[in-house]
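These notes are about the structure you will find just below.
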Amino acid sequence: MHISDRRIARILRLGRTIVASRAVRVAALVAAAGLALWNVDRVPHPTLLPAVIGLIPFAVGKYVLCPLRWHAVSTSGQTRRWHLRAYAESEILGLISPWHAGADLWRVHRLETTGARRSAAVAGVALDRFVGAVGLIVAVAVCGVALPWSVLVVALGLAAVVLAVALVVRRRRPDLAGRWPWPSPRVFAVGVVLSIGYQATILGLLIGAIHAVGDSVSAFQLVAVFGASQIAGVLPGVHGASPREGALVAGLASIGVSWTDAFGAVALTALLYWVPAVLFGGSCFFLRWRGWFTEPAASSP
């Protein structure tokens, strides 16, 4: 177990070194522009208005609801504004890394710069991820009336696995479980509700993208497709070319959307993700670099 702990520590140190590099952050912005241009070529001349209407609630969900969920379950002592800024910065790194891992590494790094212990920082980010996963599973279960039984069984199976892992860790490694900042039932419920709200805004963005490429689908059928694609999102992949996007394209085609429009809508959705990421995350990076934000001083180790 000590060997495993040392390996985990080395991985975290490597990740921290990478995300703390200014060259990496500049490369992330360049890669963001490149991926956005690649996605533009795949979008069949969309109508702007439906896309903008879908993007506005998504931006609120991603850059307000998600950071508020992180703040709700966090024991870092930082303000809501700090969590909003750190989360916005993390999204740029997350969008260009498999499984969004760069975002989590950046959030751990930002917590460490405030003086938080590494174990506490990792636990806090992992807890936010866990609450988000629970919210996703609940949202899929709520949509269960529209989902095929096979997809619903997968969702329930994932929920069972998550619960089993938590129980095993708590039973076999009480020392490790004791370091986790377990939230109260009320705080946990608030986090799950915020996560469900965020999932609803992704669905709104997808609806706007479908209308933007000149197609439309039944809302009832779209809910089923959306739920199935979100489950596929647990598999690793880079934003814009992940199993989630592939499942979404196939799902849209299965409910009557032409393959061209399905590819176009999903590509447009992937492209629209970058607009608030660069606007909010890039602005936070720049303003903090220019000294506009007063950061809390890190305590000595």
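Using my numbering, the first residue of the sequence shown is number 1298, and each one after it goes up by one. Ideal Cβ placement from N, Cα and C applies to all residues, glycine included. Since this is a predicted model, take the numbers as computed values, not measurements.
1) Looking at R1541 and Q1527, is the spacing between their C-beta atoms short of 9 angstroms?
2) Am I right that P1573 and A1356 are in contact with their C-beta atoms under 8 angstroms? What's the rounded C-beta distance?
3) What do you reckon, are the CB atoms on I1546 and F1523 nearer than 9 angstroms?
4) How many Å lie between T1344 and H1508 at the Cα?
5) So within the region 1507-1557, which uninterrupted alpha helix (DSSP H) runs reach at least 4 residues, ignoring any that extend past its ends?
6) Are the region 1385-1398 and the region 1429-1436 touching by the rule of at least three beta carbon pairs closer than 8 angstroms?
7) Quick check on the burial criterion: 16 or more other C-beta atoms within 10 angstroms. Buried or exposed for L1584?
8) From what residue to what residue does the alpha helix (DSSP H) around S1373 run?
9) Taking the alpha helix (DSSP H) that V1405 falls in, what are its first and last residues?
10) Starting from V1439, follow the alpha helix (DSSP H) in both directions and report where the run begins and ends.
11) Just reading off the alpha helix (DSSP H) that S1580 is part of, what are its end residues?
12) Going by DSSP in three states, P1598 sits in which element: helix, strand or coil?
13) Return helix, strand or coil for W1479, following the three-state DSSP convention.
14) I'd like the span of the alpha helix (DSSP H) that includes F1355, first residue to last.
15) In this structure, how does DSSP classify W1589 when only helix, strand and coil are distinguished?
16) Please tell me whether G1351 and A1538 are closer than 9 angstroms, where the distance is taken between their beta carbons.
17) From W1367 to H1380, what does the alpha carbon distance come to, in whole angstroms?
18) Helix, strand or coil for M1298, going by three-state DSSP, please let me know.
19) Would the beta-carbon of A1461 fall within 9 angstroms of that of G1358?
20) With a threshold of 16 other CB atoms inside 10 Å of the CB of F1590, please say whether the residue is buried or exposed.
21) Just to confirm, is the Cβ distance from I1389 to G1578 under 9 angstroms?
22) Please state the DSSP three-state secondary structure of I1499.
23) Pick from E1386, T1376, A1564, L1346: whose alpha carbon is nearest that of V1604?
24) Going by Cα to Cα distance, which pick from D1512, V1510, I1499 is closest to V1520?
25) Buried or exposed for W1403, going by 16 or more other Cβ atoms inside 10 Å?
26) Assuming S1373 contacts G1421 under a Cβ cut-off of 8 angstroms, what Cβ separation, rounded to an integer in Å, is found between them?
27) Near V1370, what residues of its chain come up, given a Cβ to Cβ distance below 7 angstroms and the 5 sequence neighbours on each side ignored?
28) Kindly indicate which three-state DSSP category I1393 falls into: helix, strand or coil?
29) Taking Cβ to Cβ, would you say L1502 is nearer than 9 angstroms to P1364?
Checking against the coordinates, here is how it stands:
1) yes
2) 4 angstroms
3) Note that residue 1546 is Val in the sequence shown here, rather than Ile. No, the pair does not count as a contact, with Cβ atoms beyond the cut-off.
4) 8 angstroms
5) 1516-1529, 1540-1551
6) no
7) exposed
8) Premise fails: S1373 is in no alpha helix (DSSP H) and is neither H nor E.
9) 1398-1410
10) 1415-1439
11) 1580-1586
12) Low confidence applies to P1598: its pLDDT is 41, below 50, so where it sits in the model is not reliable enough to give any reading.
13) coil
14) 1345-1357
15) coil
16) no
17) 7 angstroms
18) Residue placement at M1298 is poorly supported in this model, since its pLDDT is 41, which falls under 50; the coordinates still yield a value, given next. Of the three classes helix, strand and coil, the one that applies to M1298 here is coil, per DSSP.
19) no
20) exposed
21) yes
22) helix
23) This structure gives no information on residue 1604, because the portion of the chain shown stretches from 1298 to 1598.
24) I1499
25) buried
26) 6 angstroms
27) L1424, D1425, V1428, P1480, V1484, G1488
28) coil
29) no
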